[in-house]
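K.L.:
No gaps in the numbering here: position 55 of the sequence shown is 54 in numbering that gives the first Met the number 0, and each next residue is one more.
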Amino acid sequence: MKRISFFVGPNGCGKTRRLVKAARSNGKWPKRTAAVANTPFVRFERSSKNRKVFRVSPTGITKVVSENLRNFFDSDGRDTFDVSDLLEAIGFHPVVELEVKLGRARDFDLRQITSDPFEVEAISSALDVLRPEGGGRFELSRYSDSFTRSLRGRNRILFKYIQELKRAKLVSFYSLIFHHRERVPQVFAELSSGEQTLISTFLFIRSALPDLGALFVDEPENSLHPEWQRQYLEMLHMALGYHEAKIYLATHSPVLVSGALSSYGNDVEVIRVDGDKEHLVDIRQKAGPESVEEILWEAFETITPVSHFLSIELSRILQNLTDGRINQQEAEEEIAHFKSRSYDRTQRELLDRVTQNLEKFLPNA
């Protein structure tokens, strides 16, 4: 069984229904399942003990981030590397800052928040640093030596209990500051929808580990530019780490499937959905980009901007026309079909020029 399964096809073909059906029939998995709904219309079953569902929306994103991000900056930093790797992959420095403003409360027994004496000392130390200015920023990131490791360990403990500190009125306000390589620092709410979606999806998946058996994702291409679509499966694997969950995706993005085939070809199956019918796309084990282009044509009837596959198909059409196996009208119809599925202007202009010169390839021309 392939580890990665794509349900593909145009809008209205039923690929999302097929994904939901697979999620509902996944009682065969002894471990929990998780589902990510990137559209408001997909009807995954509700969350339960063994099923987690993330509905990507402004409210859903805020909830996932607030509930889960602090869990990944724990005192020993195990998951810091995972979050940092994701941030770097989408254009950020591997640093998140915690901005804190202190509240009015002073006399509060921190042992009401945690019974761990090391954590009590770490929180007390952090609050002492903040008091002269009434607030400040702490860095949550990778560490490079024992000194910064101890400081950031303290900072992560402060973040771990930040909501409890706010309820105790020791903290009046906090926010997370992200540092993009090409922009000024921004709070999470100011990031692009694609950035928020990737970060929150990553955190959601990590929260479902370690006993995740299967992951279902509907239309992950929403809000993502093409380069992130191409890297999407790599980012999912980054989130899953060494955990071998089965991955199901419904998509109409050739770029997303192309990226998966390029990185994980042997572990990928592509299923074209047409209502109640399914067709397993033949993924031949070939070398070179032309094999990916053939698969994308069979799965989506679309062609990539720089397409060796299209060159081969045009050569076939022109040779068949020259040999008399098809007539000019049939050649024009085949080329028109390719043109209707192309999304590249230069490519469409090429197809127009070929059509205009078909007479040169007629028998006895």
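A virtual CB, placed ideally from N, CA and C, is assigned to each residue, including glycine.
With DSSP as the reference, please indicate the residues paired to VAL271 in a beta bridge.
P.N.:
With the sequence shown as reference, residue 271 is identified as Arg, and Val is not the correct amino acid for it. VAL7, HIS278, per the DSSP bridge assignment.
K.L.:
Under three-state DSSP, which class holds GLY212?
P.N.:
Note: GLY212 maps to strand in three-state DSSP.
K.L.:
Between the segment 261–277 and the segment 6–17, are three or more C-beta pairs nearer than 8 Å?
P.N.:
With the cut-off at 8 Å, the segment 261–277 and the segment 6–17 touch.
K.L.:
Output the distance between the C-alpha atoms of LEU214 and TYR247, rounded to the nearest integer angstrom.
P.N.:
So the two alpha carbons sit approximately 6 Å from each other.
K.L.:
Which residues in the same chain have their Cβ closer than 7 Å to the Cβ of ILE316, if we skip the five residues on either side of it in sequence?
P.N.:
Closer than 7 Å at the Cβ level, and outside the excluded window around ILE316, lie ALA330, GLU333, ILE334.
K.L.:
Is the beta carbon of HIS178 sitting closer than 9 Å to the one on VAL95?
P.N.:
Taking 9 Å as the Cβ cut-off, HIS178 and VAL95 qualify as a contacting pair.
K.L.:
Residues bridged to GLY135 by DSSP?
P.N.:
GLY135 is bridged to VAL99.
K.L.:
If you measure between the beta carbons of GLY258 and GLU233, is that distance less than 9 Å?
P.N.:
Against a cut-off of 9 Å, the Cβ pair of GLU233 and GLY258 comes out as a contact.
K.L.:
On a Cα-Cα basis, can you pick out the residue from HIS251, LEU208, GLY212 that is closest to LEU223?
P.N.:
Nearest option by C-alpha distance: HIS251.
K.L.:
Where VAL267 and PHE201 are concerned, what is the direct C-alpha to C-alpha distance, given to the nearest angstrom?
P.N.:
Each residue's alpha carbon lies about 21 Å from the other.
K.L.:
How should SER341 be labelled, buried or exposed, when 16 other C-beta atoms within 10 angstroms of its C-beta is the threshold for buried?
P.N.:
It is buried - the Cβ of SER341 has at least 16 other Cβ atoms within 10 Å.
K.L.:
By how many angstroms is the C-alpha of ASN319 removed from the C-alpha of ILE325?
P.N.:
The straight-line gap from Cα to Cα measures roughly 6 Å.
K.L.:
If you reduce the DSSP assignment to three classes, tell me which class LYS168 lands in.
P.N.:
Coil.
K.L.:
Give a yes or no on whether the C-beta atoms belonging to ALA244 and THR61 are separated by under 9 Å.
P.N.:
No, the Cβ-Cβ distance between ALA244 and THR61 is not below 9 Å.
K.L.:
Quick check: ARG69 and ILE270, are their CB atoms within less than 9 Å of each other?
P.N.:
Against a cut-off of 9 Å, the Cβ pair of ILE270 and ARG69 comes out as no contact.
K.L.:
So the candidates are SER56, ILE161, GLY152, VAL82; which of them puts its Cα closest to the Cα of GLY102?
P.N.:
Among SER56, ILE161, GLY152, VAL82, the Cα nearest to that of GLY102 belongs to ILE161.
K.L.:
Between which two residues does the alpha helix (DSSP H) carrying ALA104 extend?
P.N.:
ALA104 -> no alpha helix (DSSP H), and no H or E assigned at all.
K.L.:
Taking VAL35 as part of the beta strand (DSSP E), name the residues at either end of that continuous run.
P.N.:
First-last of the beta strand (DSSP E) with VAL35: 31–36.
K.L.:
According to DSSP, simplified to helix, strand and coil, what is ALA244?
P.N.:
Here ALA244 sits in coil by DSSP.
K.L.:
Could you tell me which residues DSSP pairs with ARG45 in its beta bridges?
P.N.:
Answer is none; ARG45 lacks a bridge partner.
K.L.:
In angstroms, rounded to a whole number, what distance separates the CA positions of PHE107 and ALA167?
P.N.:
Approximately 8 Å between the Cα atoms of the pair.
K.L.:
So is ILE112 buried or exposed if we call it buried at 16+ other beta carbons inside 10 Å?
P.N.:
With 16 or more other Cβ atoms within 10 Å, it is buried.
K.L.:
Please state whether DSSP places ARG54 in a helix, a strand or coil.
P.N.:
ARG54 falls in the strand class under three-state DSSP.
K.L.:
Out of VAL170, ILE176, GLY90, state which residue places its alpha-carbon closest to the alpha-carbon of GLU226.
P.N.:
Taking only the C-alpha atoms, the option nearest GLU226 is GLY90.
K.L.:
Between SER56 and ILE198, what straight-line distance do the alpha-carbon atoms span, to the nearest angstrom?
P.N.:
Whole-angstrom Cα-Cα distance: 13 Å.
K.L.:
Does the Cβ-Cβ distance between LEU211 and LYS30 come in under 9 Å?
P.N.:
Contact flag set, yes.
K.L.:
With distances taken between CB atoms, is the gap from PHE53 to PHE203 smaller than 9 Å?
P.N.:
Cβ atoms of PHE53 and PHE203: closer than 9 Å.
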